[in-house]
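I have placed the structure first, in the form of structure tokens, so that the comments after it can refer back to it.
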Amino acid sequence: MVPENAMKWGELSTARGVYNWTAADAIANYAEENGKYLRCHVLVWHSQLPTWVEEGNWDNETLVEVVQEHIAEVVGRYKGKCKDWDVVNEALNEDGTYRETLFYNITGEAYIPIAFKAAAEADPEANLFYNDYNIGAAGNKTAGVERIIQLVQSYDAKIDGIGLQSHYVVADTNSYQAISNIMDTYTSYDLNVVISELDIRMELPSNSTQLIQQQLDYAGVCAACRDEERCKGITVWQFTDKYSWVPDVFEGEGDACPWDEDYNKKPAYYGCASVLSV
Numbered sequence: 001m002v003p004e005n006a007m008k009w010g011e012l013s014t015a016r017g018v019y020n021w022t023a024a025d026a027i028a029n030y031a032e033e034n035g036k037y038l039r040c041h042v043l044v045w046h047s048q049l050p051t052w053v054e055e056g057n058w059d060n061e062t063l064v065e066v067v068q069e070h071i072a073e074v075v076g077r078y079k080g081k082c083k084d085w086d087v088v089n090e091a092l093n094e095d096g097t098y099r100e101t102l103f104y105n106i107t108g109e110a111y112i113p114i115a116f117k118a119a120a121e122a123d124p125e126a127n128l129f130y131n132d133y134n135i136g137a138a139g140n141k142t143a144g145v146e147r148i149i150q151l152v153q154s155y156d157a158k159i160d161g162i163g164l165q166s167h168y169v170v171a172d173t174n175s176y177q178a179i180s181n182i183m184d185t186y187t188s189y190d191l192n193v194v195i196s197e198l199d200i201r202m203e204l205p206s207n208s209t210q211l212i213q214q215q216l217d218y219a220g221v222c223a224a225c226r227d228e229e230r231c232k233g234i235t236v237w238q239f240t241d242k243y244s245w246v247p248d249v250f251e252g253e254g255d256a257c258p259w260d261e262d263y264n265k266k267p268a269y270y271g272c273a274s275v276l277s278v
């Protein structure tokens with residue numbers, strides 16, 4: 001299980017030190033009561049921030065302090081419940097340079113290892129991930145991911161893995177070999193990997209040809225994880241098209257999930273299930 005929005009900073013906090021835990025607690029408690037593996041998302045991201053953070057008059061010292069406070073509060077609350085944390089999300093541009101965010105513009109790249117250190121202090125047993133999109137095949141952006149790994153490790157901060165979001169378009173996914181190769185690159189740093197936000201969208205209305213191609217695409221991504229010893233899981237970003245984020249962001253596109261809007265299993269479900277022997 002992953003909370004898509006409930007643990008994001010802007011959903012949790014309306015003022016410094018003021019939190020509304022209702023939605024996040026409900027998810028964490030449900031997972032614990034029902035024996036579900038809880039992967040938690042996300043501690044530091046430039047989007048969906050509280051207004052008080054976005055509009056704050058920060059300098060390096062005060063911004064670092066508030067980031068550390070937030071991470072300690074959230075990770076500490078769910079210590080032992082959140083098995084994985086996406087600590088830093090989407091810190092890179094497509095060319096592999098750092099995205100000029102509130103955090104980067106004030107602290108430089110140092111906010112990244114600072115965040116990982118704070119998360120490890122709050123829950124030493126949680127698995128800590130850097131998470132991003134378009135990092136499933138070697139290129140400038142994946143070189144940026146390697147730079148982040150090296151940076152965090154140079155600070156002697158704990159980083160356990162890389163989350164490959166894997167938001168794809170039908171017939172335009174990274175190949176099995178490309179995904180396998182880049183997973184090998186990440187794991188060469190003694191890290192695990194996960195497929196963290198898998199969906200494969202298509203132009204609407206969908207047709208049988210697209211759905212069969214989507215089945216093949218899902219199978220390829222899932223097989224790449226299956227065959228990588230250090231790929232520790234696959235998370236789909238919403239399991240049903242009914243609640244998918246895709247149509248709200250990509251006009252005219254959708255049907256990205258393994259279940260349709262009526263909760264029927266699509267060919268995509270069987271594509272992934274077949275290679276995982278589910």
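Residue numbers for the sequence shown follow full-length UniProt numbering, beginning at 1 and rising by one. Idealized CB from N, CA, C, for every residue including glycine.
Legend entry - Buried or exposed by the 16-neighbour rule on C-beta atoms within 10 Å, applied to A24: Using a 10 angstroms sphere on the CB of A24, the tally of other CB atoms reaches 16 or more, which defines it as buried.
Inset, instruction - For my contact list, N192 and K232 are in at a C-beta cut-off of 8 Å; report their separation, rounded to the angstrom. - result: 5 Å
Inset, instruction - Leaving aside the five residues before and after A28 along the sequence, list all residues of the same chain whose C-beta is less than 6 Å from its C-beta, in chain order. - result: Y78 and K81
Legend entry - Burial state of M1 (16 or more Cβ within 10 Å): exposed
Legend entry - Under the three-state DSSP convention, the category Y218 falls into: Y218: helix per DSSP, three-state reduction.
Legend entry - Cβ-based burial, P258 [other Cβ within 10 Å; buried from 16]: buried
Inset, instruction - Return the CA-CA distance between F250 and S166, expressed in angstroms with no decimal places. - result: Going from the Cα of F250 to the Cα of S166 covers about 15 Å.
Legend entry - Buried versus exposed call for L63 [16 or more other C-beta atoms within 10 Å across all chains shown]: buried
Inset, instruction - Within the same chain, show all residues whose beta-carbon is closer than 6 Å to that of L12, passing over the 5 residues directly before and after it, in chain order. - result: Y19
Legend entry - At least three beta-carbon pairs within less than 8 Å, the segment 215–228 to the segment 168–186: yes
Legend entry - Rounded separation between C40 and V87 - CA only: 9 Å
Legend entry - Range covered by the alpha helix (DSSP H) that runs through D184: Run containing D184: Y176 to T187, per the alpha helix (DSSP H) assignment.
Inset, instruction - In angstroms with no decimal places, state the Cα-to-Cα distance between D190 and I162. - result: 11 Å
Legend entry - First through last residue of the beta strand (DSSP E) which encompasses R201: Its beta strand (DSSP E) spans residues N192 to E203.
Inset, instruction - Please state if the CB of Q215 and the CB of A171 are separated by a distance shorter than 8 Å. - result: If you check the CB distance, A171 and Q215 do not come in under 8 Å.
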